[in-house]
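In this text, residue positions in the sequence shown follow the numbering used here: the first is 19, and each later residue adds one. Backbone N, C-alpha and C fix where the C-beta goes; we use that ideal spot for every residue, glycine too.
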Amino acid sequence: MIRSTTAGRWFMRVMWLGIAVNLLLAFATMAAPDQMTALNRLPTVTPNLWARFAALLLVLLSVFYMPAATDPDRYRANAWFAIGSRLAGVVFFAFEPAAYRLLGMIDLVFFLPQALLLWLALRAARSASAPAAVRT
(Lines of atoms letter the chains of each structure in order from A; the text may use other names.)
(Lines give C-alpha, C1' and ligand atoms only; values in the text may rest on other atoms or scores of the structure.)
Protein backbone atom coordinates (compact mmCIF):
# COMPACT_ATOMS: atom_id res chain seq x y z
CA MET A 19 0.00 0.00 0.00
CA ILE A 20 1.19 3.47 -0.88
CA ARG A 21 -0.01 4.94 2.42
CA SER A 22 2.16 2.60 4.44
CA THR A 23 5.41 3.69 2.78
CA THR A 24 7.47 6.65 3.96
CA ALA A 25 7.24 8.22 0.49
CA GLY A 26 3.47 7.67 0.51
CA ARG A 27 3.06 9.45 3.83
CA TRP A 28 5.17 12.35 2.58
CA PHE A 29 3.19 12.41 -0.66
CA MET A 30 -0.02 12.88 1.35
CA ARG A 31 1.59 15.64 3.46
CA VAL A 32 2.82 17.52 0.38
CA MET A 33 -0.63 17.12 -1.21
CA TRP A 34 -2.29 18.67 1.85
CA LEU A 35 0.26 21.48 1.92
CA GLY A 36 -0.44 22.21 -1.76
CA ILE A 37 -4.17 22.18 -1.09
CA ALA A 38 -3.69 24.61 1.80
CA VAL A 39 -1.60 26.98 -0.34
CA ASN A 40 -4.17 26.83 -3.14
CA LEU A 41 -7.04 27.56 -0.76
CA LEU A 42 -5.18 30.38 0.97
CA LEU A 43 -4.45 32.09 -2.35
CA ALA A 44 -7.93 31.40 -3.69
CA PHE A 45 -9.88 32.65 -0.67
CA ALA A 46 -7.70 35.75 -0.41
CA THR A 47 -8.28 36.45 -4.12
CA MET A 48 -12.02 35.90 -3.83
CA ALA A 49 -12.21 38.26 -0.85
CA ALA A 50 -9.88 40.98 -2.17
CA PRO A 51 -9.12 40.48 -5.86
CA ASP A 52 -7.72 43.96 -6.52
CA GLN A 53 -5.40 43.81 -3.52
CA MET A 54 -4.14 40.30 -4.38
CA THR A 55 -3.54 41.34 -7.98
CA ALA A 56 -1.53 44.37 -6.82
CA LEU A 57 0.32 42.37 -4.13
CA ASN A 58 1.48 39.84 -6.72
CA ARG A 59 2.36 42.58 -9.21
CA LEU A 60 -0.06 41.23 -11.80
CA PRO A 61 -1.80 43.37 -14.40
CA THR A 62 -5.15 44.79 -13.36
CA VAL A 63 -8.09 42.49 -14.05
CA THR A 64 -11.24 44.21 -15.34
CA PRO A 65 -13.81 43.32 -14.22
CA ASN A 66 -12.36 41.68 -11.12
CA LEU A 67 -15.07 39.03 -11.43
CA TRP A 68 -12.60 37.08 -13.62
CA ALA A 69 -9.94 36.97 -10.90
CA ARG A 70 -12.56 35.85 -8.39
CA PHE A 71 -13.85 33.21 -10.83
CA ALA A 72 -10.31 31.87 -11.40
CA ALA A 73 -9.97 31.66 -7.61
CA LEU A 74 -13.23 29.71 -7.39
CA LEU A 75 -11.93 27.27 -10.01
CA LEU A 76 -8.78 26.83 -7.91
CA VAL A 77 -10.94 25.98 -4.89
CA LEU A 78 -12.84 23.39 -6.93
CA LEU A 79 -9.61 21.90 -8.28
CA SER A 80 -8.28 21.66 -4.73
CA VAL A 81 -11.40 19.78 -3.65
CA PHE A 82 -10.67 17.20 -6.34
CA TYR A 83 -7.14 16.80 -4.89
CA MET A 84 -8.48 15.90 -1.44
CA PRO A 85 -9.34 12.22 -2.05
CA ALA A 86 -5.77 11.51 -3.22
CA ALA A 87 -4.37 13.39 -0.23
CA THR A 88 -6.51 11.26 2.07
CA ASP A 89 -6.14 7.82 0.46
CA PRO A 90 -3.79 7.60 -2.54
CA ASP A 91 -4.31 3.83 -2.72
CA ARG A 92 -8.04 4.05 -3.24
CA TYR A 93 -7.89 7.25 -5.32
CA ARG A 94 -4.75 6.59 -7.36
CA ALA A 95 -6.27 8.16 -10.48
CA ASN A 96 -6.90 11.36 -8.50
CA ALA A 97 -3.28 11.30 -7.34
CA TRP A 98 -2.02 11.14 -10.92
CA PHE A 99 -4.60 13.75 -11.95
CA ALA A 100 -3.28 16.09 -9.25
CA ILE A 101 0.27 15.67 -10.52
CA GLY A 102 -0.86 16.16 -14.11
CA SER A 103 -2.79 19.27 -13.12
CA ARG A 104 0.28 20.74 -11.47
CA LEU A 105 2.32 20.01 -14.59
CA ALA A 106 -0.38 21.62 -16.76
CA GLY A 107 -0.15 24.76 -14.61
CA VAL A 108 3.64 24.84 -15.00
CA VAL A 109 3.44 24.48 -18.77
CA PHE A 110 0.54 26.93 -19.17
CA PHE A 111 2.18 29.74 -17.21
CA ALA A 112 5.61 29.13 -18.78
CA PHE A 113 4.28 30.56 -22.04
CA GLU A 114 2.54 33.57 -20.50
CA PRO A 115 4.05 37.01 -19.87
CA ALA A 116 6.70 37.11 -17.14
CA ALA A 117 4.32 38.67 -14.60
CA TYR A 118 2.31 35.43 -14.50
CA ARG A 119 5.21 33.00 -14.24
CA LEU A 120 5.09 33.08 -10.43
CA LEU A 121 1.79 31.20 -10.66
CA GLY A 122 3.52 28.47 -12.65
CA MET A 123 6.38 28.40 -10.14
CA ILE A 124 3.90 27.64 -7.35
CA ASP A 125 2.71 24.63 -9.33
CA LEU A 126 6.31 23.59 -10.03
CA VAL A 127 7.15 23.67 -6.31
CA PHE A 128 4.41 21.08 -5.72
CA PHE A 129 4.66 19.13 -8.99
CA LEU A 130 8.26 18.00 -8.50
CA PRO A 131 7.98 16.52 -4.99
CA GLN A 132 4.51 15.08 -5.59
CA ALA A 133 5.59 13.27 -8.75
CA LEU A 134 8.78 11.98 -7.16
CA LEU A 135 7.09 10.89 -3.93
CA LEU A 136 4.22 9.11 -5.67
CA TRP A 137 6.66 7.28 -7.95
CA LEU A 138 8.81 6.26 -4.96
CA ALA A 139 5.75 5.19 -2.99
CA LEU A 140 4.44 3.06 -5.85
CA ARG A 141 7.84 1.45 -6.31
CA ALA A 142 8.17 0.72 -2.58
CA ALA A 143 4.63 -0.65 -2.38
CA ARG A 144 5.26 -2.92 -5.37
CA SER A 145 8.50 -4.28 -3.96
CA ALA A 146 6.90 -4.86 -0.55
CA SER A 147 4.07 -6.85 -2.10
CA ALA A 148 6.30 -8.88 -4.44
CA PRO A 149 7.04 -12.40 -3.25
CA ALA A 150 10.54 -12.94 -1.96
CA ALA A 151 12.88 -14.77 -4.32
CA VAL A 152 13.33 -18.40 -3.46
CA ARG A 153 16.96 -19.41 -2.95
CA THR A 154 18.09 -22.76 -4.28
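Residue i: first and last residue of the uninterrupted alpha helix (DSSP H) it sits in
i	result
I37	T24 to A49
M84	L67 to T88
Simplified DSSP state of residue i, which is helix, strand or coil
i	result
L60	coil
M54	helix
R21	coil
L140	helix
Identity of the residue in the options nearest residue i by Cα
i	options	result
L75	L41, F128 and N66	L41
M19	R94, R104, Q132 and P115	R94
A142	D91, F99, L121 and F113	D91
Those runs of the alpha helix (DSSP H) which lie wholly inside the segment 91-135 and span at least 4 residues: The segment 91-135 contains these whole alpha helix (DSSP H) runs: 94-112.
Stretch pair the segment 19-27 + the segment 49-68: three plus CB contacts closer than 8 Å: Short answer: they don't touch.
Meets three-Cβ-pair contact criterion under 8 Å: the segment 32-40 and the segment 79-88: Using a Cβ-Cβ distance cut-off of 8 Å, the segment 32-40 and the segment 79-88 are in contact, since at least three pairs of beta carbons, one from each stretch, lie closer than that value.
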